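Note sheet for the following structure.
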Amino acid sequence: MKTGKEIKPGTVLRIDNDPWLVQKAEFTKSGRNSAIMKTKLKNLLTGYKTETVYGADDKLDDVILDRKEATLSFINGDTYTFMDTTDYTMYELNAEDIEAVLPYIEEGMTDICEAVFFEERLVSVELPTTISRKVVYTENSARGDTSGKVMKPAKLSNGTEVQVADFIEIDEMIDIDTRDGSFKGRSKK
Amino acid sequence: MKASWDIFCTVVDNYGDIGVTWRLARQLVAEHGLAVRLWVDDLNAFVPLCPAADANAEQQWHEGVDVRHWPAAWSATSPAEVVVGAFACQLPPAYIEAMSAQATPPLWLNLEYLSAEDWVEGCHGLPSPQPNGLRKVFFFPGFTARTGGLLREASVLASRDSLQSAPKQRAEFLAGLGVQVAPGSRLLSLFAYENRQLGSWLQALAAGTQATHLLVPQGRILADLAAWLEVATLAPGALHQRGALTVQVVPFVSQGDYDKLLWACDFNAVRGEDSFVRAQWAAVPMLWHIYVQDENAHWEKLEAFLALYRQGLSDPASVALTALWRAWNIDGDMGQAWQALQPHWDELQTHAREWAVAQAAQPDLATALVHFCRNSL
């Protein structure tokens with residue numbers, strides 16, 4: 001059992017006995033300190049897709065899924081191939097199935113991901129909570145701010161734009177929180 | 001046979017939850033011919049809005065609505081054809097079980113909070129399929145065509161126009177509250193949560209050249225008001241003069257009379273959700289005290305509404321209005337912001353009326369709900 005606020009991409013919900021993969025989940029505060037989760041669901045049996053809304057405290061049946069470590073092997077158009085790190089099995093996913101993490105996927109990335117399986121079929125991939133990425137473009141520091149409170153846009157090598165602290169420069173490695181795309185700081189590694 | 005609706009209302013705090021659901025229930029009965037049960041967990045909050053109500057009654061009828069006490073220990077009840085859970089309230093588990101046991105399970109609507117934020121359009125009307133197979137849908141009130149609209153009774157605008165165009169009728173209504181407004185005096189109403197900026201606003205009103213009569217219904221702002229007036233207590237009828245400002249406390253009135261109070265005033269400070277919407281139908285300039293949320297989530301909601309409401313205002317008027325609303329909600333200098341608003345008074349009056357006309361061109365919330373259900377059942 002999961003509550004609405006615990007839903008995240010890769011979760012599989014059981015609704016009317018059908019398994020539904022959460023492809024996207026957006027948390028929003030509605031009013032009076034309550035909140036909702038807007039989701040994009042895909043029926044794993046029929047492929048039918050729909051958008052839904054759940055209250056943060058709604059109780060939902062989730063399906064226990066198998067998980068394995070995997071790394072990105074290569075990208076071919078909209079197809080993303082991941083490799084099981086223990087037995088080297090290759091699995092393919094299309095872009096829609098990993099929509100939520102797509103902004104952080106790029107060729108050559110070495111992050112150890114979690115491949116999510118439903119009845120031995122790969123349905124999604126989850127990234128580590130924190131990933132390190134290179135900034136390929138950002139404007140020079142406008143105000144010389146070193147506090148980290150002033151933010152500016154920066155582009156990653158796959159074209160994704162994120163907000164970073166004003167002191168970050170081109171070619172620097174930054175840490176990003178994959179749950180919300182927020183900047184966490186300069187990479188230490 | 002009339003279609004049956006159950007509306008569930010949990011009173012969290014204040015009068016917003018019960019205010020909205022009571023209005024909705026009455027309108028569904030009066031204008032759509034529905035059989036409506038309104039389940040309220042705290043009838044003490046209902047009585048001030050409906051003075052004829054009994055806070056201890058398990059069941060009572062008011063204006064055609066079957067008002068029920070929602071007890072902590074739920075008794076088996078046959079579900080209605082349409083079930084509305086207001087503001088994300090959790091329905092009794094036994095009632096949900098009874099819903100799923102129906103041959104034709106009810107349509108379950110979650111009536112959400114009012115917000116002008118962009119995301120509302122993308123969530124309005126979306127399903128929320130439940131593990132037990134029940135059809136639940138999220139329904140969002142709002143200000144744009146892609147939302148559920150605002151609560152607006154069929155007669156409200158005509159009644160407003162009638163009172164606003166008849167000085168005698170207005171004076172008689174105010175006299176019923178014990179209010180006599182001096183000629184040339186500007187009449188304001190104030191319904192707000194506690195607010196540290198009240199003092200600087202009242203100071204500006206007292207020091208101004210324009211005579212102002214401020215009506216303050218009983219409520220949470222009275223302690224701040226008493227502190228500024230330097231009086232120990234304030235009760236309905238209390239009347240105090242400070243410079244150009246006359247302050248008068250009036251009783252907490254029924255919803256119908258509160259509407260008239262808003263129509264009778266030249267400017268209304270309102271709060272939360274229900275009075276905020278009613279002030280818009282009053283079609284005079286207003287100030288909104290938004291409900292404070294964790295992590296200041298309410299700031300975005302305030303800005304989202306301002307972004308809509310400001311459209312059509314000149315830049316100087318827009319800046320002045322924004323500054324006033326931010327000062328009231330984000331602890332700025334209300335006195336200064338109020339002074340800066342004065343040159344734009346006429347424009348804001350015209351704008352308030354145009355805003356009300358534009359909002360009234362959209363389907364009202366009750367009608368939108370009824371149409372949605374007819375199409376879904």
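Sequence order for the protein chains is A and B.
Each step along the first sequence adds one to the number in my numbering, with nothing skipped, and position 9 is 9.
Each step along the second sequence adds one to the number in my numbering, with nothing skipped, and position 330 is 330.
Every residue gets a Cβ at the ideal spot worked out from N, C-alpha and C, and that includes glycine.
Since the structure is predicted, the reported quantities are computational estimates derived from the model, not experimental observations.
Taking only beta-carbon atoms, is residue 60 of chain A less than 8 Å away from chain B? The residue given as residue 60 of chain A occupies position 60 in the first sequence. So, interface residue.
Checking 8 Å against the spacing of the C-beta atoms, do residue 8 of chain A and residue 293 of chain B come in under that value? Position 8 of the first sequence holds residue 8 of chain A. Position 293 of the second sequence holds residue 293 of chain B. Contact: no.
Supposed contact pair residue 84 of chain B and residue 7 of chain B - C-beta distance, whole angstroms, cut 8 Å: Here residue 7 of chain B is taken as the residue at index 7 of the second sequence, counted from 1. Here residue 84 of chain B is taken as the residue at index 84 of the second sequence, counted from 1. Residue 7 of chain B to residue 84 of chain B, Cβ: 5 Å. Contact.
Span separating the alpha-carbon of residue 2 of chain B from that of residue 364 of chain B: Start at 1 with the first residue of the second sequence, and residue 2 of chain B comes out as number 2. Start at 1 with the first residue of the second sequence, and residue 364 of chain B comes out as number 364. Rounded to whole angstroms, residue 2 of chain B to residue 364 of chain B spans 21 Å at the Cα level.
Beta carbon of residue 79 of chain B, beta carbon of residue 102 of chain B: below 8 Å? In the second sequence, residue 79 of chain B corresponds to position 79, counting from 1. In the second sequence, residue 102 of chain B corresponds to position 102, counting from 1. Yes, Cβ-Cβ distance for residue 79 of chain B and residue 102 of chain B is below 8 Å.
Burial state of residue 126 of chain A (16 or more Cβ within 10 Å): As a first step, residue 126 of chain A is located in the first sequence; it is residue number 126 there, counting from the start. Buried, since its Cβ has 16 or more Cβ neighbours within 10 Å.
Segments of 4+ residues assigned as alpha helix (DSSP H) that fall wholly inside the stretch 315-360 of chain B: 315-329, 334-341, 345-360
Nearest neighbour of residue 145 of chain B, chosen from B/360, B/229, B/113 [CA to CA]: By one-based count along the second sequence, residue 145 of chain B stands at place 145. Nearest option by C-alpha distance: B/360.
Could you list the residues in the stretch 28-39 of chain A with a C-beta less than 7 Å from some C-beta on chain B, going in chain order? 28, 29, 30, 31, 32, 33, 34, 36, 38
Counting pairs of beta carbons, one from the stretch 247-262 of chain B and one from the stretch 176-190 of chain B, are three or more of them closer than 8 Å? yes
Indicate whether at least one CB of chain B lies closer than 8 Å to the CB of residue 180 of chain A. What you label residue 180 of chain A is simply residue 180 of the first sequence in a count that begins at 1. No, residue 180 of chain A does not count as interfacial toward chain B.
Under a CB-based cut-off of 8 Å, is residue 357 of chain B close to chain A? Stepping through the second sequence from its first residue, residue 357 of chain B is reached at position 357. It does not: the Cβ of residue 357 of chain B has no partner Cβ on chain A nearer than 8 Å.
Neighbour list for residue 126 of chain B in chain A, Cβ cutoff strictly below 8 Å: For the purposes of this step, residue 126 of chain B is taken as residue 126 along the second sequence, with counting starting at 1. Here the neighbours are 38, 51, 52, 53.
Please go through the stretch 33-101 of chain B and give each complete alpha helix (DSSP H) segment of 4 or more residues, from N-terminal end onward. 93-101
Assumed close pair residue 274 of chain B, residue 15 of chain B - CB separation to whole angstroms, cut-off 8 Å: Sequence index remark: in the second sequence, residue 274 of chain B carries index 274 (1-based). Sequence index remark: in the second sequence, residue 15 of chain B carries index 15 (1-based). Confirmed, Cβ separation roughly 7 Å.
Cross-chain neighbours of residue 56 of chain B in chain A, by beta carbon under 7 Å: Residue 56 of chain B sits at position 56 when you count from the first residue of the second sequence. Correct list: empty, because the minimum Cβ distance to chain A is about 27 Å.
Should residue 88 of chain A and residue 81 of chain A be called a contact, given that it needs their Cβ atoms to be closer than 8 Å? One-based indexing of the first sequence puts residue 88 of chain A at position 88. One-based indexing of the first sequence puts residue 81 of chain A at position 81. No. Outside cutoff.
Judging by CA-CA distance, which residue of B/287, B/141, B/132, B/216 is the nearest neighbour of residue 118 of chain B? For the purposes of this step, residue 118 of chain B is taken as residue 118 along the second sequence, with counting starting at 1. Taking only the C-alpha atoms, the option nearest residue 118 of chain B is B/141.
Using a Cβ-Cβ cut-off of 8 Å, state whether residue 14 of chain A counts as contacting chain B. The residue labelled residue 14 of chain A in the question sits at position 14 within the first sequence. Closer than 8 Å: yes.
Compute the Euclidean distance between the alpha carbons of residue 310 of chain B and residue 298 of chain B, then round it to the nearest angstrom. Start at 1 with the first residue of the second sequence, and residue 310 of chain B comes out as number 310. Start at 1 with the first residue of the second sequence, and residue 298 of chain B comes out as number 298. Roughly 18 Å between the two C-alpha positions.
Beta-carbon contacts of residue 313 of chain B that lie in its chain and below 6 Å, excluding the five residues immediately before and after: Here residue 313 of chain B is taken as the residue at index 313 of the second sequence, counted from 1. Cβ within range, chain order: 351.
Return no unless some Cβ of chain A is closer than 8 Å to the Cβ of residue 110 of chain B. Numbered from its first residue, the second sequence carries residue 110 of chain B at position 110. Yes - at least one Cβ of chain A is within 8 Å of the one on residue 110 of chain B.
Examine chain A for any beta-carbon lying closer than 8 Å to the beta-carbon of residue 291 of chain B, and answer yes or no. Within the second sequence, the letter at position 291 stands for residue 291 of chain B. Closer than 8 Å to some Cβ of chain A, the Cβ of residue 291 of chain B qualifies, so yes.
DSSP-derived helix/strand/coil call for residue 167 of chain B: Looking up residue 167 of chain B in the second sequence gives position 167. Helix, per DSSP.
Where residue 316 of chain B falls, given that 16 or more other Cβ within 10 Å makes a residue buried: The residue given as residue 316 of chain B occupies position 316 in the second sequence. It is exposed - the Cβ of residue 316 of chain B has fewer than 16 other Cβ atoms within 10 Å.
Are there three or more Cβ pairs, one per stretch, closer than 8 Å when the stretch 210-224 of chain B is compared with the stretch 170-187 of chain A? no
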